[in-house]
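Participant: Please see the structure below; I have some questions.
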Amino acid sequence: MTVLSLLTLLFVVALSSFTSATSDYHESLYLQPLPQSSLLASFNFRGNESQESFDERHFRYFPRALGQILQHANTKELHLRFTTGRWDAESWGPRPWNGSKEGGTGVELWAWIDAPNDEAASAKWITLTQSLSGLFCASLNFIDSTRTTRPVASFELMGDHPASSNLHLLHGTLPGEVVCTENLTPFLKLLPCKGKAGVSSLLDGHKLFDASWQSMSVDVSPVCPQPGECYVHVDQTVDIVLDIDRSKRPRGNPIPRPVPSDQLACDTSKPYHSDDTCYPLESTSEKGWSLTEIFGRTLSGACPLTDNASQEPVCLRVPHEREVIVTPGAVETKRPDGFTRCFTLKPSTPFDLTIPEQEVTTHVPLDEPVLSAERTIVGHGQERGGMRIIFDNPSDSNSVDFIYFETLPWFLRPYVHTLQASITGRDGLRQQVPASQFIRESFYRPAIDRERGTQLELAMTIPPASTVTLTYDFEKAILRYTEYPPDANRGFNVAPAVIKLDAANGQNHPIYIRTTSLLLPLPTPDFSMPYNVIILTSTVVALAFGSIFNLLVRRFVTAEEASALTAQTLKGRLGGKIVALRDRIKGKTAKKE
Amino acid sequence: MGVDHRKAAVFGGALALRLLLSVLFPSLPDLLTGRVEVSTPVTSFKRLQEGLFLYMRNVSPYDGGVFHQAPLLLPLFSLLPNAQSHPLPTALFYSMIDLVNANALVAISDSGQAVSGRFYSALRKHIRWDGVSIAAWFLFNPFTIATCLGRSTGVFTTTGILYAFSSAVTGNSLNAMLSLGLASYLSIYPALLFIPLVLLCYDQRVQKTKVSTGTLPFALQHFAVFLACILGLLGISTLLIGDFYTFISATYGFQLLVPDLTPNVGLWWYFFIEIFDSFREFFLGVFWLHLAAYMGGLTVRLRRQPLFVLTSLLGIFAIFKPYPSISDASLYFALLPLYRHLFPLMRYTFFAISALLYATLLGPAFYHLWIYAGSGNANFFYAITLVWSLGLSILLADTIFAALRDEWEYDNPELRGKEVRQV
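So the protein sequences, as listed, match chains W and R. FYI, the working numbering numbers position 214 of the first sequence as 214, with every residue one higher than the one before it. FYI, the working numbering numbers position 233 of the second sequence as 826, with every residue one higher than the one before it.
Okay, structure coming up:
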């Protein structure tokens, strides 16, 4: 039996809509229970606008607010990501959309800007970040030159662009940005149904940002199915992994309570099992849940603006043997792959979906990730440290080619000459080898203090069944006291590394993997005493200056001469005057007598 | 012959000690390279290696925030084998540089310029150490050894300065200018030594040839040589690097504007971390002006002892330059014993030496408390740098007092040994 993974399915649907959908709107929701009582919910909203109407500022399905910003900033292709949490690839398998709709922790933005030269592109980029910052209520305006890079090989154009355009790719990250409801609200406002109807009506900030992992994306790119017939395509996704148990807690009473003792499932085979001791049994059945429990609301019917071509906006990926109860009126279609079923929605009729707890024999198969990557800061102390990147190729036969891209803030000064590699095979033996054995090509742009960050792009190959570790040393700079954030001792966020794997299994879109973001503690000065430092340093300077110039400008005399000279000082002379005056007065009184 | 044996023993011993230390403790050089007291952003060997790595791969090392050293060091070090895999050749090279420096010191001492010059001869000139003792004092100074093992590129500036002095005292004024040009090319501040050095050369010329030509033409002539040397070196550097503006702003611009506030033993770093942004440029100007101000005052007042002015200026640089390290202090300490005859006239030696020892011992401890243990904050290390600077400035002021007192006694032999005051 051939198993179509969810990802492939997502892609097939996405691609078919690329070609068939014209000036229309389409939305979908995929639900898939994941191991460890998690649930992946993948929302997708796609809108098209013909290039002519876009240029004439006639917006139907394309959000006007975004369209105007893009026109103003000469941006031809835009990719914006808001991500929190970490995708647990070991238990959850490959990422949704092959990681292409996902960003690093925080906010990630990259765009192709049409500009005659680099300076003009940078100016437009600043315009773009400032405008998007206002639109999405995010600190995108903090993407300045130190956080902006121009990746060489890590990103590629999604859309079809005229050959005459002079496109500049700019990429910026805000790893420390906290994504929250204030970013979701403007995101929903971009949708034609504004979260009032359709699958977007399920999106609630309280549940969304309570997820183990969530990623929102906005992609805008021009698509030309035929020459001369072009569309501006906007693709918005929200992917979340919810903890089923956590989401099912009632909103008014979210504190987990212990299970009453009569409802506990105990392992009675344990010798200590008695009325008051219980070893809880691991539940073997699949968790039961419903849309209302998980999202806190029902799906309020289909969005009336969706085109009729796609009638099954909600799809669920569970084995066919599982029982699924849906609101009456919704039609279920089971796909032949044995795992997927889709549902139609009726306009303005609430839709709910309930899966009771059930023992099942078949499980949805999860693909193994092609590559797993991990990046950590090693070393101790606030002076220097090291970066360690571990790539693991699980395949026993195929080597993996990829582009590794990382940007480092300028206050982290890497020493590339210390780049070392080691390889560990499946036998566990660690071997030090030259890094050039894995690095086919490299692009390195060192940082300039307060001007730009480090950009490192490596084209690498990892041999099959092996783990490769790259390490390099870095030094932590000490900043001016005004450059530290208010929580200076928390540390600084370092953006996640982006790994682009070349398209595999006939797909024409690359796979993206992002590492977690890092926290870099820097040495801190004492923020409480700028005045003291200025005073103390100035005192030492003045002491040296004073004592040396005092020696230089005065002349030497013997101690006797010195005392003779002091007699001629103001005090001495005044003393003499007083004595003389006293003598005169005395003399006068003596005369009278 | 006896002296030669001693010299050979001292030099051989110093070389053996350095090589032995780097062979017996292979991690010691890297440890010292990482110490902020030894390596500053403008002399760090690790940064040099990074620059070299980029240079060898045809990436401009100056288009980045790490490498700020003179371009000519790059081809020089690219001749040496990789210091990571073959540390011994580099250790040997640095040890040889130390010996060369010591050799220059011997020449300076043997010339006797420190005790008697054109206008002036010290009264206590019998109290002095010979050249080999001074070389031994320099070579076995722990600061010098640490600098050598830490492979700070500041030693090349030291070589330039010491060779400028030794050429000047032996009457080779052209070489003196060329050496000073090299030192100024490597790290900008030795250019401040130009005027006293020209005076020293001039005094030597007059003493030797007994013909006193005008000072001004002599100075202008030598300034031209000095300038030509620097321009020549810059020209070669431009040929090497290509982009003149980038490397000038990455090297000299960096030293002048002090953007990197990595801790060091000096006074600038913490001051410029804590200074309010609106006053940054103003105080940058004040600090540089302050550093340059001593040159004029000392040169005018101690016109009769230009070598002493040079020595004192080196002491001032060790305290007040933007990125000082113990290598600068070791250079000052190397030249101080030339003035052994002044030691009896000094007043606060105990206090100064105690302060320096205190700072030397507690500095690394407090740095550890701040950076690694986390039980102290930046003020701990800052306080130690204050004590270090204070100790050095007391020592400096005291030697200047002794030199002035000695001059005064020379002028007034009848008042010798009397209690004096300054008015």
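C-beta: ideal position from N, C-alpha, C; glycine also.
Considering only C-alpha positions, which residue in the set W:His26, W:Val541, W:His171 and W:Phe82 is nearest to Trp125 (chain W)?
Facilitator: Taking the first residue of the first sequence as 1, we reach residue 125 (chain W) at position 125. Comparing Cα-Cα distances from Trp125 (chain W) to each of W:His26, W:Val541, W:His171 and W:Phe82, the minimum goes to W:His171.
Participant: Is it buried or exposed, Leu997 (chain R), if we count other Cβ atoms within 10 angstroms and call 16 or more buried?
Facilitator: Locating residue 997 (chain R) in the second sequence gives position 404, counting from the first residue. Buried, because 16 or more other Cβ atoms sit within 10 Å of the Cβ of Leu997 (chain R).
Participant: What residues in the stretch 850–867 of chain R have a beta carbon less than 9 Å from any beta carbon of chain W?
Facilitator: Pro852, Asp853, Leu854, Thr855, Pro856, Leu860, Trp861, Trp862, Tyr863, Phe864, Phe865, Ile866 and Glu867
Participant: Alpha carbon to alpha carbon, how far is Tyr404 (chain W) from Leu698 (chain R)?
Facilitator: The count along the first sequence starts at 1 and reaches residue 404 (chain W) at position 404. The count along the second sequence starts at 1 and reaches residue 698 (chain R) at position 105. If you take the alpha carbons of Tyr404 (chain W) and Leu698 (chain R), they lie about 53 Å apart.
Participant: Can you find a C-beta in chain R that's less than 8 Å from the C-beta of Asp656 (chain W)?
Facilitator: The requested residue 656 (chain W) is not part of the displayed model; chain W covers only 1 to 593.
Participant: Does DSSP classify Thr516 (chain W) as helix, strand or coil?
Facilitator: As a first step, residue 516 (chain W) is located in the first sequence; it is residue number 516 there, counting from the start. Thr516 (chain W) falls in the coil class under three-state DSSP.
Participant: Flag this pair as touching only if the stretch 213–225 of chain W and the stretch 246–263 of chain W have three or more C-beta atom pairs under 8 Å; answer yes or no.
Facilitator: no
Participant: Is the separation between the beta-carbon of Ala715 (chain R) and that of Leu900 (chain R) shorter than 8 Å?
Facilitator: As a working mapping, residue 715 (chain R) is identified with position 122 in the second sequence. As a working mapping, residue 900 (chain R) is identified with position 307 in the second sequence. Their beta carbons are not under 8 Å apart, which means Ala715 (chain R) does not touch Leu900 (chain R) by this criterion.
Participant: Go ahead and pull the three-state DSSP assignment for Ser442 (chain W).
Facilitator: In the first sequence, counting from the first residue as 1, residue 442 (chain W) sits at position 442. Three-state DSSP puts Ser442 (chain W) in a strand.
Participant: Please tell me whether Leu184 (chain W) and Gly205 (chain W) are closer than 8 Å, where the distance is taken between their beta carbons.
Facilitator: Taking the first residue of the first sequence as position 1, residue 184 (chain W) is located at position 184. Taking the first residue of the first sequence as position 1, residue 205 (chain W) is located at position 205. In contact: Leu184 (chain W) and Gly205 (chain W) (Cβ atoms closer than 8 Å).
Participant: At a CB-CB cut-off below 7 Å, which residues of chain R make contact with Ala562 (chain W)?
Facilitator: To locate residue 562 (chain W), count along the first sequence from 1; it is residue 562. What Ala562 (chain W) touches in chain R: Arg1014 and Val1016.
Participant: Going by the CB atoms, is the gap between Ile355 (chain W) and Trp410 (chain W) shorter than 8 Å?
Facilitator: For the purposes of this step, residue 410 (chain W) is taken as the residue at position 410 of the first sequence. For the purposes of this step, residue 355 (chain W) is taken as the residue at position 355 of the first sequence. Result no, Cβ atoms of Trp410 (chain W) and Ile355 (chain W) do not sit closer than 8 Å.
Participant: Based on the DSSP secondary-structure assignment, which residues constitute the bridge partners of Cys266 (chain W)?
Facilitator: Here residue 266 (chain W) refers to the residue found at position 266 of the first sequence. Partner(s): W:Pro280.
Participant: Excluding the five sequence neighbours on either side, which residues of its own chain have a C-beta within less than 8 Å of the C-beta of Glu383 (chain W), listed in chain order?
Facilitator: Here residue 383 (chain W) is taken as the residue at index 383 of the first sequence, counted from 1. Closer than 8 Å at Cβ, skipping near neighbours: Glu475, Lys476 and Pro523.
Participant: Could one say the Cβ of Ile674 (chain W) lies closer than 8 Å to chain R's Cβ atoms, at least one of them?
Facilitator: What is shown of chain W runs 1 to 593, which leaves residue 674 (chain W) out entirely.
Participant: Is the CB of Val708 (chain R) under 8 Å away from at least one CB in chain W?
Facilitator: On the second sequence, position 115 is the one that residue 708 (chain R) refers to. Chain W contact via Cβ: absent.
Participant: Between the beta-carbon of Phe736 (chain R) and the beta-carbon of Ala995 (chain R), is there less than 8 Å?
Facilitator: Start at 1 with the first residue of the second sequence, and residue 736 (chain R) comes out as number 143. Start at 1 with the first residue of the second sequence, and residue 995 (chain R) comes out as number 402. Taking 8 Å as the Cβ cut-off, Phe736 (chain R) and Ala995 (chain R) do not qualify as a contacting pair.
Participant: Quick one: Cα of Leu938 (chain R) to Cα of Phe758 (chain R), how far?
Facilitator: The residue labelled residue 938 (chain R) in the question sits at position 345 within the second sequence. The residue labelled residue 758 (chain R) in the question sits at position 165 within the second sequence. Answer to the nearest angstrom: the Cα atoms are 25 Å apart.
Participant: Please state whether the Cβ-Cβ distance between Val218 (chain W) and Leu419 (chain W) is less than 8 Å.
Facilitator: Here the question's residue 218 (chain W) lines up with position 218 in the first sequence. Here the question's residue 419 (chain W) lines up with position 419 in the first sequence. Taking 8 Å as the Cβ cut-off, Val218 (chain W) and Leu419 (chain W) do not qualify as a contacting pair.
Participant: Between the Cα of Leu608 (chain R) and those of R:Asn1005, R:Val902, R:Phe816 and R:Leu692, spot the shortest distance and give me the residue it belongs to.
Facilitator: For this step, residue 608 (chain R) is matched to residue 15 along the second sequence. It is R:Leu692.
Participant: At 3 residues or longer, and completely inside the stretch 75–153 of chain W: list those beta strand (DSSP E) runs for me, N to C.
Facilitator: 75–85 and 106–114
Participant: Quick check: is the beta carbon of His883 (chain R) nearer than 8 Å to any beta carbon in chain W?
Facilitator: Sequence index remark: in the second sequence, residue 883 (chain R) carries index 290 (1-based). Interface with chain W (8 Å Cβ-Cβ cutoff): His883 (chain R) is included.
Participant: Does the separation of the CB atoms of Gly743 (chain R) and Arg894 (chain R) fall below 8 Å?
Facilitator: Stepping through the second sequence from its first residue, residue 743 (chain R) is reached at position 150. Stepping through the second sequence from its first residue, residue 894 (chain R) is reached at position 301. No, the Cβ-Cβ distance between Gly743 (chain R) and Arg894 (chain R) is not below 8 Å.
Participant: On the DSSP letters alone, give me the boundaries of the alpha helix (DSSP H) that Thr292 (chain W) sits inside.
Facilitator: On the first sequence, residue 292 (chain W) is found 292 positions in, with the first residue counted as 1. Here the alpha helix (DSSP H) through Thr292 (chain W) covers Leu291 to Phe295.
Participant: Go through its chain and collect everything with a Cβ distance to Ser165 (chain W)'s Cβ below 7 Å, but skip five positions before and after it.
Facilitator: Here residue 165 (chain W) refers to the residue found at position 165 when the first sequence is read from its first residue. For Ser165 (chain W), where only same-chain residues beyond five positions count, the Cβ hits under 7 Å are Lys76 and Asp114.
Participant: In chain order, which beta strand (DSSP E) runs of at least 3 residues are fully inside the stretch 453–506 of chain W?
Facilitator: 454–462, 466–476, 492–494 and 498–501
Participant: Once the 5 residues before and after Val1016 (chain R) are set aside, which same chain residues still bring their CB inside 8 Å of it?
Facilitator: Position 423 of the second sequence, counted from the start, is the residue given in the question as residue 1016 (chain R). Short of 8 Å from the beta carbon of Val1016 (chain R), and not among the five residues preceding or following it, lies no beta carbon of its own chain.
Participant: Looking at the secondary structure, which residues open and close the beta strand (DSSP E) in which Trp722 (chain R) lies?
Facilitator: Position 129 of the second sequence, counting from 1, holds the residue named residue 722 (chain R). Where Trp722 (chain R) is concerned, there is no enclosing beta strand (DSSP E), given that its DSSP letter is neither H nor E.
Participant: Just curious, the beta strand (DSSP E) that Ile423 (chain W) is in, first and last residue?
Facilitator: Numbered from 1 along the first sequence, position 423 holds the residue referred to as residue 423 (chain W). Per DSSP, Ile423 (chain W) belongs to the beta strand (DSSP E) from Leu412 to Gly425.
Participant: Using CA coordinates, which residue listed in W:Ala123, W:Thr482, W:Gly159 and W:Leu299 is at the minimum distance from Phe864 (chain R)?
Facilitator: As a position in the second sequence, residue 864 (chain R) is number 271, starting the count at 1. Of the candidates W:Ala123, W:Thr482, W:Gly159 and W:Leu299, the one whose C-alpha sits nearest the C-alpha of Phe864 (chain R) is W:Thr482.
Participant: Which class does Asp204 (chain W) belong to by DSSP, given the choice of helix, strand or coil?
Facilitator: To locate residue 204 (chain W), count along the first sequence from 1; it is residue 204. Correct three-state label for Asp204 (chain W): coil.
Participant: Evaluate Val378 (chain W) with the Cβ neighbour count: other Cβ atoms within 10 Å of its Cβ, from every protein chain shown; 16 or more gives buried, anything less gives exposed.
Facilitator: Within the first sequence, the letter at position 378 stands for residue 378 (chain W). So Val378 (chain W) counts as exposed.
Participant: Is it right to say Asp853 (chain R) is buried, meaning 16 or more other beta carbons lie within 10 angstroms of its own, or is it exposed?
Facilitator: As a working note, residue 853 (chain R) is residue 260 in the second sequence. So Asp853 (chain R) counts as buried.
Participant: Find out if the Cβ-Cβ distance for the pair Ser766 (chain R), Gln797 (chain R) is shorter than 8 Å.
Facilitator: Here the question's residue 766 (chain R) lines up with position 173 in the second sequence. Here the question's residue 797 (chain R) lines up with position 204 in the second sequence. Yes; because the gap between Cβ atoms is below 8 Å, this pair is in contact.
Participant: Determine the closest residue to Asp487 (chain W) out of W:Pro33, W:Gly176 and W:Val400, with distance taken between C-alpha atoms.
Facilitator: Locating residue 487 (chain W) in the first sequence gives position 487, counting from the first residue. Out of W:Pro33, W:Gly176 and W:Val400, W:Gly176 has the C-alpha closest to the C-alpha of Asp487 (chain W).
Participant: Could you list the residues in the stretch 780–803 of chain R with a C-beta less than 9 Å from some C-beta on chain W, going in chain order?
Facilitator: Cβ contacts with chain W: none found.
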